[in-house]
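Peer 1: Sequential numbering of the sequence shown, starting at 4, is according to the working numbering.
Before I ask anything, let me first share the structure, which is written out below as structure tokens.
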Amino acid sequence: MEAVSRTAQWTAAARALESEREDRLFDDPYARTVAADTGFELLERYAGAGTVPFLAIRTAYMDQAIVRTVAERGIRQVVFLAAGMDTRFHRLPWPDGVTVYELDRPALLEAKARMLAGEPAPAGRTRRAVAVDLTGQWTGALKEAGWRSEEPVLWVVEGLLFFLTEESVRTLLATLSDTSAAGSVLIGDLISRAALDNPLSRPFLSALAEDGNPWLFGTDEPERLLEDSGWSPREVKQPGEEGADFGRWPYSVPPRQVPGVPRSFLFTCDLRTTEEATS
């Protein structure tokens, strides 16, 4: 797999550790399989800066947001961009008729398929793997796989945006809004610009860069970025805040108006309506 794809095994290793706790926030019985030895080696290499509790919180937040959105909105097509070693197709309680599209690089999807070859597909749902480069043209391949742009969609962009340049981030988010039908939802995460400049994060960020996975983008104004890209934030939460804590975040959360603080953001957005766009 490409270097950046190996970070998917790192996050899978963190899910495995959380799943093995007695007070676990979620249960991912497939995480240790897809993490393999590589994932646990990277988990040790990238230790520090609250990475393990953050990854547990991010998974729990997105699990709950995804399940709630699909149930409440009646959405039946869900697209994971840079799906990595995500196993939600297997482990979440999807309603009958849901189609899950997993977009990622060909080598990663092939490796994941080999690792999960012995796992039966749960009944009542469909999974379609779509090999793409998300920095290029990819919507055509998604349509060929069966995605219908005229119907609402839930987009999930987890652990991706900080690996892209600002131009690529804005292009991707705008593409999602431009190709979405009314009622579509976007769930994802971002980091602050200060997180890239924080001296305490240098060992972690340097290790990522040395492994060919540099973090490139952060913003201290996530709401503005999302709104500029055609999305209306329903909520933007930091780990440790109500609804994004789960008893796992070990640090205090400074108010948003305090400058220069490294932050992570978890967000749920609705597609902006024509009225919102013109107001």
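C-beta atoms are modelled at their ideal positions from N, C-alpha and C, and glycine is treated no differently.
Establish whether the CB of Gly149 and some CB of chain B are separated by less than 8 Å.
Peer 2: Looking at the structure shown, chain B is missing, and only one protein chain is on hand.
Peer 1: According to the Cβ coordinates, are Gln12 and Gly51 closer than 8 Å?
Peer 2: No.
Peer 1: If we ignore side chains and look at the alpha-carbon of each, how far apart do Thr182 and Tyr33 end up?
Peer 2: Using only the alpha carbons, I get a separation of about 32 Å.
Peer 1: What span of residues does the beta strand (DSSP E) with Ile190 cover, start to end?
Peer 2: Residues 188 to 194.
Peer 1: Excluding the 5 residues flanking Phe92 on each side, which residues of the same chain have their C-beta closer than 6 Å to its C-beta?
Peer 2: If we look at Phe92 and ignore the five residues flanking it on each side, its Cβ neighbours are Val103, Arg130.
Peer 1: Would the region 165 to 181 and the region 248 to 257 be scored as touching if the rule is three or more Cβ pairs under 8 Å?
Peer 2: The region 165 to 181, when compared against the region 248 to 257, does not touch it at the 8 Å Cβ threshold.
Peer 1: Out of curiosity, what's the CA-to-CA distance linking Asp40 and Ala212?
Peer 2: Taking the straight line from one Cα to the other gives about 21 Å.
Peer 1: Which of the three DSSP states is assigned to Leu199 in this structure?
Peer 2: Reduced to three states, the DSSP call for Leu199 is helix.
Peer 1: Suppose you measure from the CA of Leu2 to the CA of Arg61; what does that come to, to the nearest Å?
Peer 2: The shown model of the chain, from 4 to 282, leaves out residue 2, and the question about it has no answer.
Peer 1: Note down, in chain order, each residue of its chain lying with its Cβ closer than 7 Å to the Cβ of Thr1, except the 5 sequence neighbours on either side.
Peer 2: With the chain covering 4 to 282 only, the question about residue 1 has no answer from this structure.
Peer 1: Relative to the alpha-carbon of Arg259, which residue among Gly243, Phe249, Cys272 has its alpha-carbon at the smallest distance?
Peer 2: Among Gly243, Phe249, Cys272, the Cα nearest to that of Arg259 is on Gly243.
Peer 1: Measure the beta-carbon distance from Pro265 to Ser195 and round it to whole angstroms, keeping in mind my assumption that it falls under 8 Å.
Peer 2: That belief holds up - the Cβ atoms of Pro265 and Ser195 are roughly 6 Å apart, short of 8 Å.
Peer 1: Between the alpha carbons of Ser152 and Gly77, how many angstroms are there, rounded?
Peer 2: Rounded to whole angstroms, Ser152 to Gly77 spans 16 Å at the Cα level.
Peer 1: What number of angstroms, rounded off, separates the C-alpha of Leu3 from the C-alpha of Arg18?
Peer 2: As displayed, the chain neither begins before 4 nor continues past 282, which places residue 3 out of reach and without an answer.
Peer 1: By a C-beta neighbour count over all protein chains shown, 10 Å radius and 16 as the cutoff for buried, is Gln241 buried or exposed?
Peer 2: Buried is the call here.
Peer 1: So the candidates are Leu157, Leu84, Pro98; which of them puts its Cα closest to the Cα of Phe166?
Peer 2: When each option's Cα is compared against that of Phe166, the closest is Leu84.
Peer 1: Which complete beta strand (DSSP E) runs does the region 78 to 135 hold, if anything under 3 residues is left out?
Peer 2: Segments of the beta strand (DSSP E) lying fully in the region 78 to 135: 80 to 84, 101 to 107, 128 to 134.
Peer 1: Using the three-state DSSP reduction, which class does Arg61 fall into: helix, strand or coil?
Peer 2: Looking at Arg61 - three-state DSSP - the assignment turns out to be helix.
Peer 1: State the Cα-Cα distance for the pair Val81 and Phe207, rounded to the nearest angstrom.
Peer 2: Between Val81 and Phe207, the C-alpha separation is close to 32 Å.
Peer 1: Give me whichever residues DSSP pairs with Phe268 in a beta bridge.
Peer 2: Paired residue(s): Leu193.
Peer 1: Thinking just about the alpha-carbon of each residue, which of Leu176, Arg71, Leu112, Ser267 is nearest to the one in Thr222?
Peer 2: Residue Ser267 is the option with its Cα nearest to Thr222.
Peer 1: Expressed to the nearest angstrom, what Euclidean distance is found between the alpha-carbon atoms of Glu238 and Asp214?
Peer 2: Approximately 33 Å between the Cα atoms of the pair.
Peer 1: Comparing alpha-carbon positions, which option in Pro225, Ala16, Leu163 lies nearest Leu45?
Peer 2: Of Pro225, Ala16, Leu163, the residue nearest in Cα terms is Ala16.
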